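Novice:
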Amino acid sequence: MTFSDRQLKLIEAAAVALTEHLYFTPEEAVKLIGGHLRAELQARHTSFESLEASGITDRTVFVRAVVNRVSDELKRSGKYADQRIERAIREFMESLHRSWELGHA
Numbered sequence: 001m002t003f004s005d006r007q008l009k010l011i012e013a014a015a016v017a018l019t020e021h022l023y024f025t026p027e028e029a030v031k032l033i034g035g036h037l038r039a040e041l042q043a044r045h046t047s048f049e050s051l052e053a054s055g056i057t058d059r060t061v062f063v064r065a066v067v068n069r070v071s072d073e074l075k076r077s078g079k080y081a082d083q084r085i086e087r088a089i090r091e092f093m094e095s096l097h098r099s100w101e102l103g104h105a
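What follows is the structure in structure tokens.
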């Protein structure tokens, strides 16, 4: 699965929180988020395009699921303090919500 320009911009905007708080490279952050985004889309048997056309409630539930997947992986790694993860995840989630509320990344 490849991402459209719009989708990639959304992922890159969300990745900023991981680069700022956890010192990921932009590429590492995009890879991590993109992988979990794909996994959640597959788990829901849907596409990004269908999700974008759905209501705010569906998108919010999806965003939370992706954020939880990313958060769980970061915590499992044991490389980062919980406080840093929480701060990064909060900004990550806010970025995804803002992007979808505005209709662009």
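Residue numbers for the sequence shown follow this note's numbering, so the first one is 1 and each next one is one higher.
Ideal Cβ placement from N, Cα and C applies to all residues, glycine included.
All values reported here derive from a predicted model rather than from experimental measurement.
Less than 9 Å between the beta carbons of Leu18 and Glu28, yes or no?
Specialist: In the sequence shown, the residue the question calls residue 18 occupies position 18. In the sequence shown, the residue the question calls residue 28 occupies position 28. Yes.
Novice: Can you grab the Cα-Cα spacing for the pair Ala88 / Ser95, in whole Å?
Specialist: Taking the first residue of the sequence shown as position 1, residue 88 is located at position 88. Taking the first residue of the sequence shown as position 1, residue 95 is located at position 95. Going from the Cα of Ala88 to the Cα of Ser95 covers about 11 Å.
Novice: Is the separation between the beta-carbon of Val61 and that of Phe92 shorter than 9 Å?
Specialist: As a working mapping, residue 61 is identified with position 61 in the sequence shown. As a working mapping, residue 92 is identified with position 92 in the sequence shown. Contact: no.
Novice: Excluding sequence positions up to five away, which residues of its chain have a Cβ less than 8 Å from the Cβ of His97?
Specialist: The residue given as residue 97 occupies position 97 in the sequence shown. Excluding positions up to five away in sequence, the list reads Thr60, Val63.
Novice: With Gly55 as the anchor, note down where its alpha helix (DSSP H) starts and where it stops.
Specialist: The count along the sequence shown starts at 1 and reaches residue 55 at position 55. No alpha helix (DSSP H) holds Gly55; DSSP gives it neither H nor E.
Novice: When we look at the beta-carbon of Gly35 and count the other beta-carbons within 10 Å, is it buried (16 or more) or exposed?
Specialist: Residue mapping note: residue 35 aligns to position 35 of the sequence shown, counting from 1. Under this definition Gly35 is an exposed residue.
Novice: His36 lies in the alpha helix (DSSP H); which residues open and close that run?
Specialist: Translated into the one-based positions of the sequence shown, residue 36 becomes position 36. Residues 26-44.
Novice: According to DSSP, simplified to helix, strand and coil, what is His104?
Specialist: On the sequence shown, position 104 is the one that residue 104 refers to. Residue placement at His104 cannot be trusted, given a pLDDT of 43 that sits under 50; what the coordinates show is reported in the next sentence. Coil, per DSSP.
Novice: Start and end of the alpha helix (DSSP H) containing Ala14?
Specialist: Counting from one through the sequence shown, the residue named residue 14 turns up at place 14. From DSSP, the alpha helix (DSSP H) with Ala14 extends over 5-22.
Novice: Helix, strand or coil for Lys75 per DSSP?
Specialist: Position 75 of the sequence shown, counting from 1, holds the residue named residue 75. The answer is helix: DSSP assigns Lys75 an H, G or I state.
Novice: Measuring only the C-alpha atoms, how far is Phe48 from Lys31?
Specialist: By 1-based counting over the sequence shown, the position of residue 48 is 48. By 1-based counting over the sequence shown, the position of residue 31 is 31. Rounded to whole angstroms, Phe48 to Lys31 spans 16 Å at the Cα level.
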